[in-house]
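Student:
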Amino acid sequence: MLDTNVISGLLDPDDALHRDALDAVRRWEGRAASFAVSVITWSELRVGALRRGAEAEKALDRFRAAAIDRVLPVDEPTADGAARLRAGDLTLRMPDALIIATAREVGADALLTADRKFPGVAPGLVELIRPS
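Residues 502 to 633 in this note's numbering are what the sequence shown spells out, letter by letter.
Listed below in structure tokens is the structure:
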């Protein structure tokens with residue numbers, strides 16, 4: 502699964518995360534991975550594209566068609582998992598808890614993110630992407 506910040510980094514060549522996000526995605530592609538995002542991530546990305554205008558919307562739609570195999574819904578078991586994560590750490594934002602819970606619920610091999618909080622919340626699931 503890809504987190505919002507990784508996709509934002511992929512889409513913006515000037516983003517500090519761009520090169521490292523691209524390297525991580527290529528590594529996973531080399532393992533024949535398919536990529537999914539939470540509906541939460543998709544919504545966050547759409548907000549950003551809508552704010553930037555029609556060209557950004559088109560670029561996001563092209564990225565969706567080319568790189569994202571599935572947009573995963575939040576169902577009741579995922580919501581319950583997110584609630585447990587947030588109850589254990591009230592500094593964890595609910596959208597982040599929902600993204601992590603979605604990755605767990607679908608049995609993702611990894612959740613690629615630049616969010617430094619995620620590895621502590623979901624050790625063994627998160628691959629932290631840092632700008633080099």
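Yeah, the Cβ is synthetic: ideal placement off N, Cα and C, and Gly gets one too.
Quick caveat, the model's predicted, so the values are computed rather than measured.
Helix, strand or coil: how does DSSP classify L586 here?
Tutor: helix
Student: Going straight from the alpha carbon of P574 to that of D515, what length do you get?
Tutor: 31 Å
Student: What is the C-beta distance between V538 and M595, in whole angstroms, given that I count them as a contact (C-beta under 8 Å)?
Tutor: Contact doesn't hold; Cβ gap of about 17 Å is too wide.
Student: With 16 other CB atoms within 10 Å as the buried threshold, where does A533 fall?
Tutor: exposed
Student: I'd like the span of the beta strand (DSSP E) that includes A567, first residue to last.
Tutor: No beta strand (DSSP E) holds A567; the alpha helix (DSSP H) holding it covers A555 to A568.
Student: Under the DSSP definition of a beta bridge, which residues are partnered with A537?
Tutor: R571
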